[in-house]
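Student: This structure is in structure tokens; I'll ask about it shortly.
There are 2 protein chains.
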Amino acid sequence: MNSPSIQNAQGDHRAIQVLAFDIFGTVVDWHGSIQKEMAELYPQVDGDAFALAWRKGYQPAMARVMQGELPWTLIDDLHRLILDGLLPEFGLDHLSEAQKKYLNRVWHRLQPWPDTVEALHRLKQKYILCTLSNGNVNLLTRMSKSAGLPWDCILSAEVFHAYKPDPKTYLGVARIFDVAPHAVMLVAAHHDDLEGAKACGLQTAYVERPQELGLGRPKDVSPRAAHDLHAHDLNDLANQLGC
Amino acid sequence: MNSPSIQNAQGDHRAIQVLAFDIFGTVVDWHGSIQKEMAELYPQVDGDAFALAWRKGYQPAMARVMQGELPWTLIDDLHRLILDGLLPEFGLDHLSEAQKKYLNRVWHRLQPWPDTVEALHRLKQKYILCTLSNGNVNLLTRMSKSAGLPWDCILSAEVFHAYKPDPKTYLGVARIFDVAPHAVMLVAAHHDDLEGAKACGLQTAYVERPQELGLGRPKDVSPRAAHDLHAHDLNDLANQLGC
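Listed below in structure tokens is the structure:
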């Protein structure tokens, strides 16, 4: 199968110095990791539905912050806010504070997709690799350490005091590394994130993660012409970038 | 020789989760790296004196920022400000803009001390390793990539908008990693930096770098009781921390 990137290549890959990665769903499998941990800790709960419900609260919680309804709040704390709302619904309102804290930190223990670690090591030979996630620095650092993700730098909404798709985040990466926006490529499995980056002048690579929402709920991962690259996974991205 | 840490151990090493490292002089050899590069680029210049003069401008330049005389300025730009003042003094006022830019980025190319890379890999097995430097994120990331320094996270004065020894920097590390100050140990070859950290409740490790100012200008590296640990180099620190 020919790589779809041939049809929708637009940018100049030779200009890229920095690859900035979305994390949840792009680099790590939040749904599978939460489902697996729920099966071990609370087998009576439908872990698939629980993972989806937790993640479903994520965008609305960030929107409350960006609209000023909540003060600046880290994702660890937003995750906890959403979790506290879910526990009664899933019959888990008996959990102790220590159990709730432990469960909330499942986001620090997310597992990478099978191609992630190998591909990041390949890409790191040629580019500066950084995270660009709405997750906070503590979450990203501990998760990356546990998963063996070899970032050159952890960048986060926390550093910019703004959540993606706020332009401050995308342009912040270019500013920090003292390069033109065009020298940064955002790598993500989500069109809205990539569109936000493209509007700021970054290059973009879409990564197919058809199982992001679970095995039984395949995502439409068909190519869109707006992105500079379209990759089946991160090893395919490394191939296309000549790593 | 017995380790001096036996005499001045004060903290509880078991509490440590995060090791935060000063960079210039502690992890990398700024004097030797600049002297070496000057010998290659501009052999007519006294590279030893040039390195010392450049570094001598560093504290006063940061003081101008912290006192409000200059707006917030990254170290890359402060280094350039100091460099521009030095060039005529060293007979280098004929340099082109491209040559000045390249020379200013020597700070992105500093070389590690011989023990650094091995010791960081050892310490990384047990602790979260981060930088805590007045250098900006771009400088630290590019330097660490080129030198092979395996940080879990790059933290910098740039993130806190304050230069060490401002308490915002030391306490910022504990805040970001959601731990008590006592769970962070600052590792540095400079007493004033360690004293600033200690005053904020961090644990401290002094690292001897007798050649920081050049081979012919040995520093007094005798132990001081104020620090929790005193290490001959970073491998000695790894030994003392049971890595």
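Same order as they appear, the protein sequences are chains S and H.
Per my numbering, the first sequence starts with residue 245, numbered consecutively.
Per my numbering, the second sequence starts with residue 245, numbered consecutively.
Heads up, the beta-carbon is just placed ideally off N, CA and C, and yes, glycines get one too.
Could you list which residues in chain H have their beta carbon closer than 7 Å to that of Lys389 of chain S, in chain order?
Tutor: Those are Ile372 and Asp396, listed as they occur along chain H.
Student: Please classify Arg453 of chain H as buried or exposed, where buried requires at least 16 other C-beta atoms within 10 Å of its C-beta.
Tutor: So Arg453 of chain H ends up on the buried side.
Student: Tell me which same chain residues have a C-beta within less than 7 Å of the C-beta of His476 of chain S, skipping the five on either side of it?
Tutor: Glu452.
Student: Compare the beta carbon distance of Leu383 of chain S and Asp422 of chain S with 8 Å and say whether it is the shorter of the two.
Tutor: Taking 8 Å as the Cβ cut-off, Leu383 of chain S and Asp422 of chain S do not qualify as a contacting pair.
Student: Indicate the three-state DSSP secondary structure (helix, strand or coil) for Gln355 of chain S in the structure shown.
Tutor: If DSSP states are grouped into helix, strand and coil, Gln355 of chain S belongs with coil.
Student: What does the alpha-carbon distance come out to for the pair Ala307 of chain S and Arg386 of chain S?
Tutor: In a straight line, the C-alpha of Ala307 of chain S is about 25 Å away from that of Arg386 of chain S.
Student: Please list the partners that Ile420 of chain H has in chain S, where partner means a Cβ-to-Cβ separation under 7 Å.
Tutor: Chain S residues near Ile420 of chain H: Val381 and Asn382.
Student: Using a Cβ cut-off of 7 Å, pull out every chain S residue sitting near Val403 of chain H, in sequence order please.
Tutor: The answer, in chain order, is Val403.
Student: Would you check if the distance between the CB atom of Pro356 of chain H and the CB atom of Leu314 of chain H is smaller than 8 Å?
Tutor: No; because the gap between Cβ atoms is not below 8 Å, this pair is not in contact.
Student: Taking all protein chains shown into account, do 16 or more other C-beta atoms lie within 10 angstroms of the C-beta of Ile250 of chain S, making it buried, or fewer, making it exposed?
Tutor: Its pLDDT being 40, under 50, Ile250 of chain S is placed unreliably in this model, and the value from its coordinates should be taken loosely. Exposed: under 16 other Cβ atoms inside 10 Å.
Student: Quick test of your reading: Val532 of chain H and Val262 of chain H, contact by CB under 8 Å. State the CB separation rounded to the nearest angstrom.
Tutor: Here chain H covers residues 245 to 487 and nothing more, so residue 532 of chain H does not appear.
Student: Alpha carbon to alpha carbon, how far is Ala342 of chain H from Ser377 of chain H?
Tutor: Cα-Cα distance, rounded: 27 Å.
Student: Would you say Thr385 of chain S reaches chain H, if we count a Cβ-Cβ gap shorter than 8 Å as a contact?
Tutor: Thr385 of chain S counts as touching chain H.
Student: Enumerate in chain order the residues of its own chain whose CB-to-CB distance from Arg366 of chain H is below 6 Å, with the five nearest sequence positions on each side excluded.
Tutor: So the list reads Ala482 and Cys487, once near-sequence residues are dropped.
Student: Are there 16 or more other CB atoms within 10 angstroms of the CB of Ser400 of chain S, so buried, or fewer, so exposed?
Tutor: With 16 or more Cβ atoms within 10 Å of its Cβ, Ser400 of chain S is classed as buried.
Student: Can you tell me the Cβ-Cβ gap for Ser277 of chain H and Val350 of chain H, rounded? I've got them flagged as a contact below 8 Å.
Tutor: The pair is a contact, with the Cβ atoms about 7 Å apart (cut-off 8 Å).
Student: Looking only at its own chain, which residues have a Cβ that is under 6 Å from the Cβ of Phe294 of chain H, when we skip the five neighbours before and after it?
Tutor: Correct list, in chain order: Met282 and Phe334.
Student: Does the beta carbon of Glu281 of chain H sit closer than 8 Å to a beta carbon anywhere in chain B?
Tutor: Structure shown: chain B not included; protein chains present are S and H.
Student: Of all the beta strand (DSSP E) runs that stay within the bounds of the segment 304-392 of chain S, which reach a length of 3 or more residues?
Tutor: List check, beta strand (DSSP E) in window: 372-377.
Student: Which runs of the beta strand (DSSP E) spanning at least 3 residues fall entirely within the segment 405-478 of chain S, listed in chain order?
Tutor: DSSP runs (the beta strand (DSSP E)) wholly in the segment 405-478 of chain S: 428-432, 447-451 and 473-475.
Student: So what does Cys397 of chain H bridge to, in DSSP terms?
Tutor: Cys397 of chain H pairs with H:Cys374.
Student: Can you tell me where the alpha helix (DSSP H) holding Phe294 of chain S begins and where it ends?
Tutor: It spans Gly291 to Lys300 - the alpha helix (DSSP H) in which Phe294 of chain S sits, taken as one unbroken run.
Student: Ignore the nearest five residues each way along the sequence and tell me which others in Lys368 of chain H's own chain have a CB closer than 8 Å to its CB.
Tutor: So the list reads Pro394 and Asp396, once near-sequence residues are dropped.
Student: Who are the near neighbours of Phe265 of chain S in its chain, counting only those whose CB is closer than 6 Å to its CB and skipping five residues on each side?
Tutor: Excluding positions up to five away in sequence, the list reads Val271, Thr375 and Val431.
Student: Would Ser388 of chain S be called buried (16 or more neighbouring beta carbons within 10 Å of its own) or exposed?
Tutor: Ser388 of chain S comes out buried.
Student: Taking all protein chains shown into account, do 16 or more other C-beta atoms lie within 10 angstroms of the C-beta of Pro248 of chain S, making it buried, or fewer, making it exposed?
Tutor: The predicted position of Pro248 of chain S is uncertain, since its pLDDT is 43 and thus under 50; a value taken from the coordinates is nonetheless stated next. Buried, by the Cβ-count rule.
Student: Considering only C-alpha positions, which residue in the set H:Asp410, H:His471 and H:Glu456 is nearest to Asp464 of chain H?
Tutor: Out of H:Asp410, H:His471 and H:Glu456, H:Glu456 has the C-alpha closest to the C-alpha of Asp464 of chain H.
Student: Could you have a look at Val272 of chain S and say whether DSSP puts it in helix, strand or coil?
Tutor: Strand at Val272 of chain S.
Student: Closest to Leu206 of chain S by C-alpha separation, out of S:Ala305, S:Gln311, S:Gly301 and S:Phe404, would be which residue?
Tutor: Outside the shown range of chain S (245 to 487) lies residue 206 of chain S, about which nothing can therefore be said.
Student: Any idea if Leu347 of chain S is buried or exposed, counting beta-carbon neighbours within 10 angstroms, 16 or more meaning buried?
Tutor: Buried: at least 16 other Cβ atoms inside 10 Å.
Student: Does the beta-carbon of His405 of chain S have 16 or more other beta-carbons within 10 angstroms, so that it is buried, or is it exposed?
Tutor: Exposed, since its Cβ has fewer than 16 Cβ neighbours within 10 Å.
Student: Beta-carbon within less than 7 Å of Gly445 of chain H's beta-carbon, same chain only, minus the 5 sequence neighbours each way: which residues are those?
Tutor: Here the set comprises Pro425 and His426.
Student: Closer than 7 Å by C-beta to Ala470 of chain S: which residues in its own chain qualify, once you throw out the five before and the five after it? Chain order, please.
Tutor: So the list reads Glu439 and Lys442, once near-sequence residues are dropped.
Student: Looking at Asp410 of chain H: is its Cβ nearer than 8 Å to the Cβ of Gln447 of chain H?
Tutor: No; because the gap between Cβ atoms is not below 8 Å, this pair is not in contact.
Student: With a threshold of 16 other CB atoms inside 10 Å of the CB of His338 of chain S, please say whether the residue is buried or exposed.
Tutor: Flag for His338 of chain S reads exposed.
Student: Please look up how many angstroms separate the CB atoms of His435 of chain H and Arg461 of chain H, rounded, as I've assumed it's under 8 Å.
Tutor: Between Arg461 of chain H and His435 of chain H the Cβ distance is about 17 Å, and since that is not below 8 Å, they are no contact.
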